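Read left to right, the sequence shown gives residues 3 to 472 (the working numbering).
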Amino acid sequence: MSAFEEQHPASPLAHARKNTWDVMGEEEKHQAMLFSEEYKNFINVAKTERAVLAVARELLEQAGFTPLEDTAVLKPGDRVFTINRRKALIAAVIGKKPLELGLNIIGAHTDSPRLDLKPRPLFEEGGMALLKTHYYGGIKKYHWLSVPLALHGVVVKSDGATIPVLIGENPGDPVFAVSDLLPHLAKDQMDKKMADAVSGEKLNILAGSVPSGGKEAKERFKTAVLEYLYRLYGIIEEDLISSELELVPAWPARDIGFDRSFIGGYGQDDRACVYTSLQAAVRTTVPEQTALLILADKEEIGSSGNTGMEGAFFANAVAEIISRCVPAYNDLILRRALANSRALSADVNAGYDPNYDDVFEKMNTARLGEGLVVTKYTGSKGKYGANDAHAEAVAYIRQIFNRHGVIWQTGEIGKVDQGGGGTIAHIMATYGMDVIDCGVALLGMHSPFEVASKADIYMAYKGYKVFFAG
Ligand code: MN
Ligand code: MN
Numbered sequence: 003m004s005a006f007e008e009q010h011p012a013s014p015l016a017h018a019r020k021n022t023w024d025v026m027g028e029e030e031k032h033q034a035m036l037f038s039e040e041y042k043n044f045i046n047v048a049k050t051e052r053a054v055l056a057v058a059r060e061l062l063e064q065a066g067f068t069p070l071e072d073t074a075v076l077k078p079g080d081r082v083f084t085i086n087r088r089k090a091l092i093a094a095v096i097g098k099k100p101l102e103l104g105l106n107i108i109g110a111h112t113d114s115p116r117l118d119l120k121p122r123p124l125f126e127e128g129g130m131a132l133l134k135t136h137y138y139g140g141i142k143k144y145h146w147l148s149v150p151l152a153l154h155g156v157v158v159k160s161d162g163a164t165i166p167v168l169i170g171e172n173p174g175d176p177v178f179a180v181s182d183l184l185p186h187l188a189k190d191q192m193d194k195k196m197a198d199a200v201s202g203e204k205l206n207i208l209a210g211s212v213p214s215g216g217k218e219a220k221e222r223f224k225t226a227v228l229e230y231l232y233r234l235y236g237i238i239e240e241d242l243i244s245s246e247l248e249l250v251p252a253w254p255a256r257d258i259g260f261d262r263s264f265i266g267g268y269g270q271d272d273r274a275c276v277y278t279s280l281q282a283a284v285r286t287t288v289p290e291q292t293a294l295l296i297l298a299d300k301e302e303i304g305s306s307g308n309t310g311m312e313g314a315f316f317a318n319a320v321a322e323i324i325s326r327c328v329p330a331y332n333d334l335i336l337r338r339a340l341a342n343s344r345a346l347s348a349d350v351n352a353g354y355d356p357n358y359d360d361v362f363e364k365m366n367t368a369r370l371g372e373g374l375v376v377t378k379y380t381g382s383k384g385k386y387g388a389n390d391a392h393a394e395a396v397a398y399i400r401q402i403f404n405r406h407g408v409i410w411q412t413g414e415i416g417k418v419d420q421g422g423g424g425t426i427a428h429i430m431a432t433y434g435m436d437v438i439d440c441g442v443a444l445l446g447m448h449s450p451f452e453v454a455s456k457a458d459i460y461m462a463y464k465g466y467k468v469f470f471a472g
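In structure tokens, the structure reads:
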């Protein structure tokens with residue numbers, strides 16, 4: 003079957019793929035393009051989980067959301083948020099119906115793959131100062147070679163003072179880089195398997211080369227960097243042990259293609275879903291059922307930790323919200339509220355890539371430009387580890403998206419037994435709620451320059467908005 007036939011099926015009974023650009027009118031195309039400009043601004047700034055939180059907080063406050071902790075009683079239409087360690091967030095718009103009947107929940111994640119500095123990162127070798135890293139999340143290590151990197155994060159001194167660090171995002175700033183081996187000397191490296199060609203311990207960052215002190219001084223290249231750090235931030239080497247310094251691609255998001263229909267940029271997994279779900283939340287007024295957005299951290303390393311989806315933050319925050327909505331809080335109300343909820347796990351999916359045709363099963367793979375991706379199951383090797391949404395839950399999503407003109411498609415991450423992936427869906431499901439994966443298709447997921455379609459980003463926003471409205 004050709005792609006043409008698929009879009010023009012022989013029978014009206016057949017399910018046809020829809021291209022969002024065909025379906026949107028001129029006005030909606032214009033809206034999609036404008037929305038993408040704001041989205042690019044967001045991902046240019048929100049390159050770490052802490053930065054996502056700072057921008058998210060600003061957006062929510064501008065839209066009238068107030069800290070949950072400052073509120074004693076909540077009534078329909080009230081807008082609150084709560085933040086967990088500057089890395090995870092829950093925002094809610096209280097609905098007309100009792101929370102016990104369930105909430106409409108969207109969960110996305112704030113973290114993206116990157117290089118983290120080790121606790122003792124600084125060393126010198128060959129007249130150069132370097133910084134050791136430990137990569138975070140599932141990366142192809144060669145992606146991080148010969149790429150300009152910006153340093154983001156915080157150093158927390160032993161007295162509790164937090165020093166923000168941001169180098170490499172302004173045009174005049176220096177950047178950092180991991181050097182690659184010249185092809186002339188790469189004979190042995192080129193013979194290796196791709197996974198082994200670059201070792202994790204060789205992802206060392208170039209950090210300086212002007213020595214400090216006389217020729218006889220020990221470790222004078224390392225000392226020079228320590229002097230910079232002391233001058234710029236007032237920190238000493240031991241302070242780096244209590245730091246979170248992350249290296250991310252220093253480039254901004256760009257339009258791709260003659261028609262500017264794609265966006266290329268870092269961290270679109272999962273900030274494409276973070277931004278669209280945030281915008282959906284701020285545009286939700288008085289929903290029937292309470293709309294709740296959770297932006298979780300640490301998804302890329304298994305959702306562990308107290309800022310990850312497995313942490314107590316989510317259930318605790320829902321309990322705090324319920325306790326402000328009912329006269330007498332009890333655990334049963336919380337359990338019922340969670341079990342009666344519907345949730346979207348808003349995470350990205352793999353889009354069909356013509357360059358790697360052989361890893362996709364074309365009928366069931368999402369395509370860029372064909373709308374928001376609804377994924378019944380993720381997992382690998384026989385759906386292992388998947389949430390596998392119930393047919394009834396998938397039917398509900400079809401119904402609301404179709405009713406509100408949201409262009410959507412179905413997507414599976416790749417061929418059976420080719421590999422796979424997971425999201426926070428299975429963790430949300432442990433509370434008893436119905437969860438479906440629903441997000442944006444990307445090319446080059448987890449690369450420093452992931453690609454999304456502007457039409458799909460817009461449809462994600464539109465889809466999340468109608469989901470919150472109920
Ligand atoms: Mn993700
Ligand atoms: Mn990911």
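Just so you know, even glycine gets a beta-carbon here, dropped at the ideal spot from N, CA and C.
Since we're looking at a predicted model, the values are computed, not measured.
At which residues does the alpha helix (DSSP H) containing arginine 344 begin and terminate? That residue, arginine 344, is in no alpha helix (DSSP H); its beta strand (DSSP E) goes 344-347.
Using CA coordinates, which residue listed in Val75, Val276, Arg122 is at the minimum distance from lysine 467? Val276
What residues in its chain sit with their C-beta under 6 Å from that of glycine 424, if we drop five residues either side in the sequence? Thr380, Gly387
Among Thr22, Thr135, Gly109, which has the Cα closest to the Cα of lysine 456? Thr22
Output needed for serine 244: all residues of its chain with C-beta closer than 6 Å, excluding positions within five of it in sequence on either side, in chain order. Val158
Per DSSP, what kind of secondary structure is asparagine 351 in: helix, strand or coil? strand
Bridge-paired residues (DSSP) for proline 166: Val156
Decide if isoleucine 207 is buried, meaning its Cβ has at least 16 other Cβ atoms within 10 Å, or exposed. buried
Determine the contact status of cysteine 327 and isoleucine 96, defining contact as a CB-CB distance below 8 Å. yes
Between alanine 368 and valine 437, which are expected to be in contact by the criterion C-beta below 8 Å, what is the C-beta distance as a whole number of angstroms? Between valine 437 and alanine 368 the Cβ distance is about 18 Å, and since that is not below 8 Å, they are no contact.
Is the closest heavy atom of ligand 4 to the C-beta of histidine 392 under 7 Å? Ligands in the displayed structure: ligand 1 and ligand 2; ligand 4 is not one of them.
Could you tell me whether the Cβ atoms of phenylalanine 37 and isoleucine 459 are closer together than 8 Å? yes
Below 8 Å, can you find three or more Cβ-Cβ pairs linking the segment 153-169 to the segment 232-241? yes
Arginine 338 to phenylalanine 316 span [Cα, whole Å]: 15 Å
Secondary structure of tyrosine 87, DSSP reduced to three states: First, the amino acid is wrong: residue 87 is arginine here, not tyrosine. Reduced to three states, the DSSP call for arginine 87 is coil.
Is the segment 79-98 close to the segment 348-362, with three or more CB pairs under 8 Å? no
Roughly how many whole angstroms lie between the Cα atoms of alanine 188 and histidine 145? 16 Å
Please report the straight-line C-alpha distance between isoleucine 429 and lysine 204, rounded to a whole angstrom. 34 Å
Is the number of C-beta pairs between the segment 297-308 and the segment 65-75 that are closer than 8 Å three or more? no
Closer than 7 Å to a non-hydrogen atom of ligand 1 - does that hold for the CB of aspartate 439? no
Among residues of its own chain, excluding the 5 on either side of proline 121, which ones have a beta-carbon nearer than 6 Å to its beta-carbon? Ile243
Give the straight-line distance between the Cα atoms of isoleucine 141 and lysine 195, rounded to the nearest whole angstrom. 15 Å
Could you give the distance in angstroms between the alpha-carbon of phenylalanine 469 and the alpha-carbon of asparagine 86? 25 Å
Who pairs with arginine 81 in a beta bridge, going by DSSP? Val95
So, using beta-carbon positions, are serine 214 and alanine 197 closer together than 8 Å? no
Answer with buried or exposed for glutamine 411, where buried requires no fewer than 16 other C-beta atoms within 10 angstroms of its C-beta. buried
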